[in-house]
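Going left to right, the sequence shown walks through residues 6 to 422 as the numbering used here numbers them.
Encoded as structure tokens, the structure appears first; notes follow it.
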Amino acid sequence: MSSDWENVILLSADALRADHLSCYGYERETSPVLDELAEESIRFTNAYSASSHTREAVPALLTGEYPDVAVDSEYHLASETVASTLSEKGYATAGFHSNPFVSRAYGFDEGFDQFDDDLHLGQHKLIALAQRALDKLRNRHYARAEEINERSLEWVDSLDDDQPFFLWNHYMDTHGPYEPPGEYGRLYADEGLSGRDAQSLYQRAIDHPDSISGEERQLLVDLYDGEIRYNDMRIGEFLDGLQDRGLLENTLLIVTADHGDAFGENGYYEHPRYLHDEITHVPLIVRSPDLEVAEVSQTVSTLDIVSTIENELFGCSEMSLLQDIPSGQTIFSQSRGENGDSHIRRYAGRRSGSVCLCEENIHTSEVSFSDCESNELENRVRSFIHERNRVHQSDTGDSTTQMNSEVENRLDALGYK
């Protein structure tokens, strides 16, 4: 167990794919801050999310459980999060983000002393109405990283000096529609788009991917990369704030993403419920003052983050990213279908650069494989599906959650509806 750090900070970026970061080999210098951080941290080159979209990926990230256990059939939180665990151990806990799918409407405030999901309806109606009017005027879909930083550092400053804490910041800037602010809008693109035009192009890419021309695809990539560079700069400001407060040297810092975004590689954009590399391969950087700098090539999962925290603090888990990772271990991802595909469950197994993708029809129990690179890996995926079916809840994947209008408006703007 660690004796050299007291606090835990988890920074996650929404829809940030690993291969668009310069520290992961991207040709553009999109992430100078994370590049520098990686040089003094452990960087995992083959980290994969437990799912491909927020509704299953973030619950897995926060609980360390596969999505079919982490959330129920309506995507409400169904397992204890690391925030609850640490709160019970005397840690102050806080979360700051603006993704409606992991808001208090779905129970994700459980275990957090402070939970700011940027949704004010129900707290103060007049504030909510004023916020909605302002958001509509400025085409605002989420809280920018600057706001997340300000709110979270203000919370840190409110704590007693000897109070250990867990802080989770989830940044939405790299999520579509891609609207990098100011100079970042033209950092890689010849000319930027207005907010409404950016949203229109993004939505068309989701709804009608075949209509996107080569030039439009490149524009989407250029704007996405601009968002990454902006978000990287703001993460740098947050890290500077921690340094100024003397907190970096007694904090376990973890930087990752819930999933990535696609740009037509497999016939789709954004992050629908498939499990290809472009939407599951995520960055994972772990920094602690007592750790040796390393680059780890073993295949790991975002599920390992919670077990790492709990093992290093309390010795109550067998798996830790900070210990020797078994060579050749297989990690799995899963995703339930939606709408017309609600009867489909998708699975992926990955090991040592190999992948096996699978679909299961829960009505017929038919299982089909694709891109399976070895019989052994296929057998491992079959065993995984058999095990998950033992614990799988009997649901169709449909969500009947009654959302308030503010949540619905945010989801619509983010391309979810």
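We put the CB at the ideal spot given by N, CA and C, even for glycine.
All values derive from a computational prediction rather than experimental measurement.
Would you kindly work out how many angstroms separate the C-alpha atoms of isoleucine 14 and aspartate 202, rounded to a whole number? Translated into the one-based positions of the sequence shown, residue 14 becomes position 9. Translated into the one-based positions of the sequence shown, residue 202 becomes position 197. Each residue's Cα considered, the two are about 36 Å apart.
Which class does glutamate 371 belong to by DSSP, given the choice of helix, strand or coil? Numbered from 1 along the sequence shown, position 366 holds the residue referred to as residue 371. Correct three-state label for glutamate 371: strand.
Classify alanine 299: buried if its beta carbon has 16 or more other beta carbons within 10 angstroms, exposed otherwise. In the sequence shown, residue 299 corresponds to position 294, counting from 1. Exposed, since its Cβ has fewer than 16 Cβ neighbours within 10 Å.
- Task: Since I believe tyrosine 176 is in contact with arginine 234 (beta carbons under 8 Å), could you give me their beta-carbon distance rounded to a whole number of angstroms?
- Result: Mapped onto the sequence shown, residue 234 falls at position 229. Mapped onto the sequence shown, residue 176 falls at position 171. About 13 Å; that fails the 8 Å criterion.
**Request:** Under the assumption that aspartate 227 contacts tyrosine 193 (Cβ atoms under 8 Å), give the Cβ distance between them as a whole number of angstroms.
**Result:** Residue 227 sits at position 222 when you count from the first residue of the sequence shown. Residue 193 sits at position 188 when you count from the first residue of the sequence shown. Confirmed, about 4 Å.
Short of 6 Å in beta carbon distance, which residues of its chain neighbour aspartate 195, apart from the five on each side in sequence? Order them along the chain.
Start at 1 with the first residue of the sequence shown, and residue 195 comes out as number 190. So no residue of the chain qualifies.
Alpha-carbon spacing of tyrosine 279 relative to arginine 351, whole angstroms
Taking the sequence shown and counting its residues from 1, one reaches residue 279 at position 274. Taking the sequence shown and counting its residues from 1, one reaches residue 351 at position 346. Each residue's Cα considered, the two are about 7 Å apart.
Q: Could you pull out every residue in the same chain whose Cβ sits closer than 7 Å to the Cβ of alanine 18, ignoring the five residues on either side in sequence?
A: Indexing the sequence shown from 1 puts residue 18 at position 13. Sequence-distant Cβ neighbours of alanine 18 in its own chain, meaning closer than 7 Å and more than five residues away, are Tyr176, Thr179, Asn236, Ala262.
TODO: Evaluate methionine 6 with the Cβ neighbour count: other Cβ atoms within 10 Å of its Cβ, from every protein chain shown; 16 or more gives buried, anything less gives exposed.
DONE: Your numbering for residue 6 matches position 1 in the sequence shown. Reliability fails at methionine 6, whose pLDDT of 46 lies under 50, so the model's placement of it is uncertain and the value that follows must be treated cautiously. The residue is exposed, with fewer than 16 neighbouring Cβ atoms inside 10 Å.
*asked:* With three or more beta-carbon pairs closer than 8 Å as the criterion, would you say the region 257-271 touches the region 302-314?
replied: At 8 Å Cβ cutoff, the stretches touch.
Review point. Start and end of the alpha helix (DSSP H) containing methionine 353?
Key: For the purposes of this step, residue 353 is taken as the residue at position 348 of the sequence shown. The sequence given here has alanine at residue 353, not methionine. Annotation: alanine 353 is outside any alpha helix (DSSP H); the continuous beta strand (DSSP E) that includes it extends over 349-356.
Review point. When you compare each of Gly345, His58, Phe117 to glycine 95 by their alpha carbons, which one comes out closest?
Key: Indexing the sequence shown from 1 puts residue 95 at position 90. Nearest in C-alpha terms to glycine 95, of all of Gly345, His58, Phe117, is Phe117.
Spatial neighbours of isoleucine 240 in its chain, beta-carbon cut-off 6 Å, leaving aside the 5 residues before and after:
On the sequence shown, position 235 is the one that residue 240 refers to. Counting only Cβ-Cβ distances below 6 Å, and skipping sequence neighbours, we find Val38.
Are the beta-carbon atoms of cysteine 28 and aspartate 9 separated by less than 8 Å?
Taking the first residue of the sequence shown as position 1, residue 28 is located at position 23. Taking the first residue of the sequence shown as position 1, residue 9 is located at position 4. No, the Cβ-Cβ distance between cysteine 28 and aspartate 9 is not below 8 Å.
### Task
Take alanine 88 and list the residues in its own chain whose beta-carbon comes closer than 8 Å to its own, dropping the five residues that flank it on each side.
By 1-based counting over the sequence shown, the position of residue 88 is 83. Excluding sequence neighbours, alanine 88 sits near Leu67, Thr98, Gly100, Glu115, Gly116, Phe117, Phe171, Trp173.
Does the region 202-214 come within contact of the region 242-252, defined as at least 3 CB pairs closer than 8 Å? No, they do not touch.
Tell me arginine 48's beta-bridge partners as DSSP assigns them. Here residue 48 refers to the residue found at position 43 of the sequence shown. Per DSSP, Ile290, Glu300.
In whole angstroms, what separates the C-alpha of tyrosine 111 from that of glutamate 70?
As a position in the sequence shown, residue 111 is number 106, starting the count at 1. As a position in the sequence shown, residue 70 is number 65, starting the count at 1. Computed Cα separation, rounded: 17 Å.
For my contact list, glutamate 270 and alanine 210 are in at a C-beta cut-off of 8 Å; report their separation, rounded to the angstrom.
One-based indexing of the sequence shown puts residue 270 at position 265. One-based indexing of the sequence shown puts residue 210 at position 205. Contact flag wrong, Cβ pair sits at about 13 Å.
Quiz item: Are the CB atoms of threonine 90 and glutamate 315 nearer to each other than 8 Å?
Solution: Taking the sequence shown and counting its residues from 1, one reaches residue 90 at position 85. Taking the sequence shown and counting its residues from 1, one reaches residue 315 at position 310. Yes, the pair counts as a contact, with Cβ atoms nearer than the cut-off.
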